[in-house]
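Residue numbers (this note's numbering): 73 to 178.
Below, the structure written as structure tokens:
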């Protein structure tokens, strides 16, 4: 064994290593983290209704108007890079905020 390996083993041996198997039913955290998170949180958002509300909400319209007058600077000088527009869902209409976030003030 070379000196480097001896130093590494000496360093590791300073720590207590007591590895024991815990069954999944006894290890709640590991059991929870190993499960699929699909549908773990279902807010029940009606995206069609959200789109309709965005079209009629005055706050959303004001934001869209502001963004059209104040475009974002071009951060990607190479035209082959990713698109420079935001294709996300957009802001929540004011009527949906309280319902979507469980009444929290946002």
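C-beta atoms are modelled at their ideal positions from N, C-alpha and C, and glycine is treated no differently.
Going by DSSP, residue 77 is part of the alpha helix (DSSP H) stretching over 75 to 85. Rounded to the nearest angstrom, the gap between the Cα atoms of residue 75 and residue 84 is 14 Å. Residue 125 has its alpha-carbon roughly 23 Å from the corresponding atom of residue 142.
Burial check for residue 118: the Cβ neighbour count within 10 Å stays below 16, so the residue is exposed. Between residue 96 and residue 90, the C-beta gap is not smaller than 8 Å, which leaves the two residues out of contact.
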